[in-house]
Structures are given as C-alpha cells and as structure tokens.
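Written out below as structure tokens is the structure these notes cover.
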Amino acid sequence: MARAVSSRRKAINTAVAWAIGLLIFFPILWTILTSFKTEAQAIADPPIFLGFDWTLENYRIVQERSNYMRFLWNSVIIAGFSTILGVIIAVPAAWSMAFVPSRRTKDILLWMLSTKMLPAVGVLYPIYLICIELGVLDNRVALVVIIMLINLPIIVWMLYTYFREIPGEILEAARMDGASLRNEILYVLTPMAVPGIASTVLLNFILAWNEAFWTLNLTAVNAAPLTAFIASYSSPEGLFFAKLSAASTMAIAPILILGWFSQKQLVRGLTFGAVK
Amino acid sequence: MGRITLEKVQKKFGETEVIPPLDLTIEDGEFVVFVGPSGCGKSTLLRLIAGLEDVSSGEIRIDGQPATDLPPAKRGLAMVFQSYALYPHMTVRKNIAFPMKMAGMDQAEQDRRIKKAADALNLTDYLDRRPGQLSGGQRQRVAIGRAIVREPAAFLFDEPLSNLDAALRVGMRLEISELHSRLETTMIYVTHDQVEAMTMADKIVVLRAGNIEQVGSPLELYREPRNVFVAGFIGSPKMNLMSGPAAQAHGAHTIGIRPEHLDVVESGGTFSGKVGVSEHLGSDTFFHVHVDAMEEPMTVRAGGEVGLRHGDMIHLEPQADKIHRFDEKGLRIA
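Order-wise, the sequence lines are chains A and B.
Note that the working numbering gives residue 46 to position 46 of the first sequence, counting from 1, and the numbers run on in steps of one.
Each number in the working numbering comes from the position in the second sequence (counting from 1) with 276 added on.
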C-alpha cells in the first residue's frame, strides 16, 4: 500500500539508502581502484582516492605469473556443476516435502538447515581424510560433490518455498491426465516453477563461486578455482596490495557482471513466491 | 462404458472417519450429482472415485473391474476441478493436448480431437492463448475440453461452477447438461447448490456427514424426501418444517409444507399471521409470514403481483395432499 510520504522525508530516505549502498560497495570499489595503482600508491598514507597514475601494469604481471584462465575454468566447472547437480537432487526432494509432506517433513527441513549452522572447520578433518583415502584431493569432481552438498540445504529450502506456492490441484490434474511422476515434475511442476528455480540456480551459483573455505583447503593446483587464485597473491612474498587487488578484481568480475544482469530475477526470486 | 460401483467404501483421515462405509452404484451414462452442505464428504467421495485419495477400506469397481488400487490415470476417468487447474505455462491447445500426449497418441489424432473439442466448446479462436488471457467461463471450457479429448469412461466435476458469476453459471450449467446428452457418458458432479443438483441430475445423492441420506431422481427427492434433512435441503425456498400441535394434528412429530403448497385464502385457513419480509421476483412473490406460536416465519409462494404489505394479516391453507409427515427420528411416515 502506498503511504503518503513528504518530499523531505523521501529525500532523507534516499540519502540514507545511497549512503548504506555506497558503504557496502566501498570495499569492492576500493579494490578495483587499487588494482590500477602502483604498489607505492596502493599503500600511500593518506590514501589516494582518484588522483593517481592509472596503470594496467598489475594486470599484466598477474597475467604473466599465473594462468588466470585455468582458475576461471575451474570456478565455472565447480560452481556450475555443483549447482546443476544440486538442483537435480533438490527438485524431487522439494517436491515430496511440498506436496506429500509427512509428519516429519518440518523436522527434516530444520535438520537440513541446522547443518548450515555447523562451523565448516568442524568437519574439515574427516572430509580431508576421506578425500585422501579416496585419492580425490585437489580433484574437481570431488569439489563439485562437496560444494553441492554444502549448498544442498539452501537449494532444497528455496525450491520447497517456491513449490508450496503452486496449487496442488494442478498437479492432481496432471495425475488425472495420465502423467507419471517423472512427467508431472518435468512437464508441469518444473515449468511452473521456472522463476523460482532460476533464482535458486543464480544464488547457488554465486554461493558456490564464492566458496573459499573448502576450495582453499582441498585444492592445490589442478582443481584450484579463482578463490585460490586470489589467495595465492596474499602471502608468499609479503603483501602486494595492487597485484592482490588486480587478482581479486579479475576473480570477482565474472560473478559481479552475472549478478548485475540477473539482479531483477534474483531480487524477485528472493522476495516472493514463484507462481500466482 | 462407465458403470461405477462402490462397495462398503470407507475413508478415514487418521482417526476421523470422514466417510463411513457406504454402497453406491452409478449406472453407465447417468448424470449423478453429489449434493450436501459443505464438509459433508461429497468432494472426498469424488476424490476417492478419482483415485486422488486412497480408500481406507472397501472396493471401487469401474465397469466391473476392480479399481481400488489403480492410480488415477489408469481408471479412465477425467476430472474438472473447481479452480480449473489449467497448466498456466501452456497454451489452450497444449492444455487440451496434454492427456493425449501423456497417452502417447499420434499427432494427427491429437489434432483431430483438439479441433473437435474446440469446435464444440467455442474455443477455436483461443487455442494459441494461455489460460491467463481467458475469462473464467473460457477457462472452464478449456478444462472441460481437456477432459473430453480423453474420451473417458466417466467425467468427474468438483464444484466446477462455483468460481463463476451467477449469469455465467446458468449458461455453463446448460452447456454441461447439453454435453451430457450429446456424449451420453457417465458424469458425476459435486455441488453444494441444490438448484444445480435439481436442474442437471438424473440421480441425486444427498450426503450429510459422509452418510448417504437419500438417492433418487430430482422429483423423487422433491416429492418424497426420506427424512427431515433431505426435505429441508432440497427445494428452494426451503420447506416449512413445524412440530408441536400443528404436526400432532396430522399424527406426526414434524410436518413439512413447501412454500408453493400453501394457498392464500380470504379468511379462516389453518395458519394466520402477519406478513413480514416480502421478496418480489416478478414471476413470484415470497412472503415470510409470522404465525403466532411458531418460532420461525413461514415462507409462502404467491403470484407475482399480490398486493399484500408488511404487517397485513394473511390466512394460509396447506394443500392437504402435499403435507409431508415425519416421525420422532425425522423419518418419513408413508
């Protein structure tokens, strides 16, 4: 419902919203700016905001020193496949919870969510040992599976919420029309839930892309994604802020662009149910 | 063919018995209406027949074949839902084609049936639209079209008209009746509206709390209601039911007189009272008459232009052969 808001009030609200927005965005902006500075300018005190000599030197060095494309490719593979795999597993799970709930459904959902509250480092040791045992340390497939499992509760929860918005009668109609369970999910439920599934895929792709704890701990070279690429610039030869910033900018650019173009879908998907 | 028999069919949700064991036979080609107040179990009964709910015990047979454990699709029945339940992401054409596609029917046959259904239901111009772009009546027709193309053994309708406005409802009522006489396929129709039941049914099944109160043709139910509940439920406006001295005079615990069976007389008459609310419909007038020593006002049907006003005295005489008598248990006395 629209409420009457005075124009002065509106101006204040706008200013506050912009201030918060800038505050949140500032670290990213600063990283991007720093990536164009020389190492000396990057650590200058007082900091230089815009009045520095813009240079692409850092990007050139980063590009020379490490194979960006290989890290990027690993990120795409890990984030992409873990999301796809997660959705394939979560759609039937969410279907059963939304449309044929049992007395335990609520408990299972909460239990699944509770795994997200577990500090990841608590299970690092066992998972690390399992990976060694199976010989899958620094392996992309293993990472796809692990990241998928980490995000699965969120995928199931999101899909469950969207599916709940879909009237059960439509699925019953499909059943009357002779659709098998597979066809019911494939031809009726999934197309109707497309907006919800799209938001889920987007959000989980971003989460998987940004996942650093597991990727850093379980990879070395072969399966290392962009998070490892950034990390490789953080310590060995002391801190080189400009180069680190250039690496960071290169690592976050793809997901930032993706997020920018899909923000409408993301916000819509996160704020209200799929089908009315 | 579409003969459906229920034998001792019972439904429980947990500990609650929604439908106590009941027997019912629906003959091939019949238009059967399940009617009753909300919560009487009529929709549940329909869903049991459809296979959308599992029976707790008992047997359902379709054309003599046991169907109790068959999934909905294997029963050869088509259902039209209250909310239409169309697939919003598909065009009208695809909606109608869906059951045929699921059955793996060849494309030429699909197209032929779609065309036939669309012609019959005036949907030809809308085949490429989506349900969201159609009016309520059109959506309802698409839902019916989707049911027709399967050439089912029986059609199941779950309160299909309750989301339509009054004018459209009358039109669709006629269309469904016409469809039935054209297809001569068994139809089971659930409604809480006794007018729909009376106008459409070959056979009405009156339900209350999961129990079948009476099964019969509309006129049988109107003329010889088996008990007080059916008497009060069938007929519009409601039958006047009274007990006490007026009933004892006829040797009954309760008597019922329909508003149309009360004559307005100049003087005397069995009942006298003051006119309360009058409802003028043009063709008829319904007077609500406050009779002394009676709690509820009596409803009387009179001609269209009777010049009686609020507060006027009125004398009423029931038509002697049209008085329904019921015993203490509410059952009809023959």
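Just so you know, even glycine gets a beta-carbon here, dropped at the ideal spot from N, CA and C.
Are the C-beta atoms of residue i and some chain A residue less than 9 angstroms apart?
| i | result |
| --- | --- |
| P364(B) | yes |
| P348(B) | yes |
| P436(B) | no |
| L353(B) | yes |
| F289(B) | no |
| R406(B) | no |
| R422(B) | yes |
| R426(B) | yes |
| L607(B) | no |
Taking CB distances under 9 angstroms as the criterion, tell me whether residue i reaches chain B.
| i | result |
| --- | --- |
| P92(A) | no |
| E172(A) | yes |
| G273(A) | Note that G273(A) scores 42 on pLDDT, short of 50, meaning its location in the model is unreliable and no value can be drawn from it. |
| M1(A) | With a pLDDT of 49 at M1(A), under the threshold of 50, the predicted position of this residue should be treated as unreliable, though the coordinate-derived value follows. Closer than 9 angstroms: no. |
Given that residue i touches chain A, what residues does it touch there, using C-beta distances under 9 angstroms?
| i | result |
| --- | --- |
| M378(B) | A174, D177, G178, A179, S180, N183, Y187 |
Along chain B, in chain order, which residues have C-beta atoms closer than 8 angstroms to that of residue i?
| i | result |
| --- | --- |
| E169(A) | F357, Q358, S359, A361 |
Give the DSSP bridge partners of residue i, in chain order.
| i | result |
| --- | --- |
| E555(B) | F562(B) |
| T281(B) | T301(B), R337(B) |
| M574(B) | V565(B) |
| A354(B) | F431(B) |
| N487(B) | R484(B) |
| P272(B) | The question about residue 272(B) has no answer here: the residues shown for chain B are numbered 277 through 610. |
| G317(B) | Its beta-bridge partners do not exist; DSSP assigns none. |
| K288(B) | E293(B) |
| G549(B) | V567(B), I590(B) |
| N58(A) | DSSP output for N58(A) lists no bridge partner at all. |
| S519(B) | T530(B) |
| T467(B) | V311(B) |
| K598(B) | DSSP output for K598(B) lists no bridge partner at all. |
| G544(B) | BP columns for G544(B) are empty, so no partner. |
| D539(B) | E593(B) |
| K479(B) | V308(B) |
| R608(B) | F602(B) |
| T462(B) | A430(B) |
| G492(B) | I480(B) |
Counting only Cβ pairs nearer than 7 angstroms, list the residues of chain A close to residue i.
| i | result |
| --- | --- |
| A375(B) | Residue identity check: residue 375(B) is Pro in the sequence provided, not Ala. D177, G178, listed in chain order. |
| A326(B) | M176 |
Report task. Select from the segment 192-209 of chain A all residues with a C-beta closer than 8 angstroms to any C-beta belonging to chain B, and list them in chain order. Result -> M192, V194
Query - Cβ-based contacts, 9 angstroms cut-off: residues of the segment 47-68 of chain A near chain B - result: none
Query - Cβ contact (3+ pairs, closer than 8 angstroms) linking the segment 69-89 of chain A and the segment 139-152 of chain A - result: yes
Query raised in the report: Counting Cβ pairs closer than 8 angstroms, one from the segment 44-62 of chain A and one from the segment 112-126 of chain A, do we hit at least three?
Result: no
Query raised in the report: Below 8 angstroms, can you find three or more Cβ-Cβ pairs linking the segment 528-538 of chain B to the segment 502-518 of chain B?
Result: yes
**Report entry** Meets three-Cβ-pair contact criterion under 8 angstroms: the segment 170-186 of chain A and the segment 323-331 of chain B
**Finding:** yes
Query - Given 8 angstroms, three or more beta-carbon pairs between the segment 471-478 of chain B and the segment 307-323 of chain B - result: yes
Query raised in the report: Is it true that the segment 223-234 of chain A meets the segment 59-77 of chain A, where meeting means three or more beta-carbon pairs spaced less than 8 angstroms apart?
Result: yes
**Report entry** Contact the segment 571-581 of chain B vs the segment 541-558 of chain B: 3+ CB pairs below 8 angstroms
**Finding:** yes
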